[in-house]
Each structure stands twice: as structure tokens, then as C-alpha cells.
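Colleague:
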């Protein structure tokens, strides 16, 4: 499971690099949204498997990564929603927030 997630992160980084080199393609938004759904699903599955209280428990050794992952996915969802609802004003925000997903 972790290997697949790591592979998806690498693929997302490659796509973001290609998006920088070829910004005029119509498919980038779709590809970014597919990655966001994959990362959201992965986070939801991990949260379900661990249980919500254990996922955010201070005794969980992965709590720092869990909070970080929640923040990154939340920023991605916020980015997508602002782009959807505020087409013209959020393009600069989308450009600033997308690289955070690579962390």
C-alpha cells in the first residue's frame, strides 16, 4: 500500500513538471483532480483502517505525518474548490498551492 502511494507521489511530481513545461494542455486540471481523488481516497482508507481517534491520537507514532497528509489533501481540495467557484481570481492561488502537494 505504501509503495503504491509512493509511486503516485512520484507520478504526480512528474506530471507537475510536465505541466510546467507544457502549460497549454487542456488535460492538466483533469489529471490533477484524479491525483487529488487518489490521495483523498488513500487518506480516507488509512483513517478508516486506524480508526479516527487512533489516527489523530498523540500516542500514534505517525501523528505528524497524518496531520501533514490531512493538511496537504485539504489544501488540494481547497485549491480545487476555489478554482471551481472563482475561475479568474484563484489561478494565482492554484499555482502557489500545487507544489505543496509534493511535500
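Residue numbers (my numbering): 3 to 105. We put the beta carbon where it would ideally sit given N, CA and C, even for glycine. Just so it is clear, the structure is predicted and the values come from calculations on it, not from any experiment.
Which two residues bound the contiguous alpha helix (DSSP H) that contains residue 53?
Modeller: Position 51 of the chain shown, counted from the start, is the residue given in the question as residue 53. No alpha helix (DSSP H) contains residue 53, which DSSP labels as neither H nor E.
Colleague: Could you give the distance in angstroms between the alpha-carbon of residue 61 and the alpha-carbon of residue 23?
Modeller: Within the chain shown, numbered from 1, the residue matching residue 61 stands at position 59. Within the chain shown, numbered from 1, the residue matching residue 23 stands at position 21. Spanning the two alpha carbons is a distance of roughly 44 Å.
Colleague: Assuming residue 44 contacts residue 7 under a Cβ cut-off of 8 Å, what Cβ separation, rounded to an integer in Å, is found between them?
Modeller: Position 42 of the chain shown holds residue 44. Position 5 of the chain shown holds residue 7. The Cβ separation is near 5 Å, so the contact holds.
Colleague: Would you mind reading off the limits of the alpha helix (DSSP H) that contains residue 87?
Modeller: Your numbering for residue 87 matches position 85 in the chain shown. Taken as a continuous stretch (DSSP letters only), the alpha helix (DSSP H) holding residue 87 covers 65-87.
Colleague: In angstroms with no decimal places, state the Cα-to-Cα distance between residue 13 and residue 37.
Modeller: By 1-based counting over the chain shown, the position of residue 13 is 11. By 1-based counting over the chain shown, the position of residue 37 is 35. Whole-angstrom Cα-Cα distance: 9 Å.
Colleague: Quick check on the burial criterion: 16 or more other C-beta atoms within 10 angstroms. Buried or exposed for residue 3?
Modeller: Reading the chain shown from its first residue, position 1 is the one you call residue 3. Flag for residue 3 reads exposed.
Colleague: Where does residue 28 sit, in a helix, a strand or coil, going by DSSP?
Modeller: As a working note, residue 28 is residue 26 in the chain shown. Three-state result, residue 28: coil.
Colleague: For the alpha helix (DSSP H) holding residue 14, just list the boundary residues, first then last.
Modeller: Translated into the one-based positions of the chain shown, residue 14 becomes position 12. Run containing residue 14: 4-23, per the alpha helix (DSSP H) assignment.
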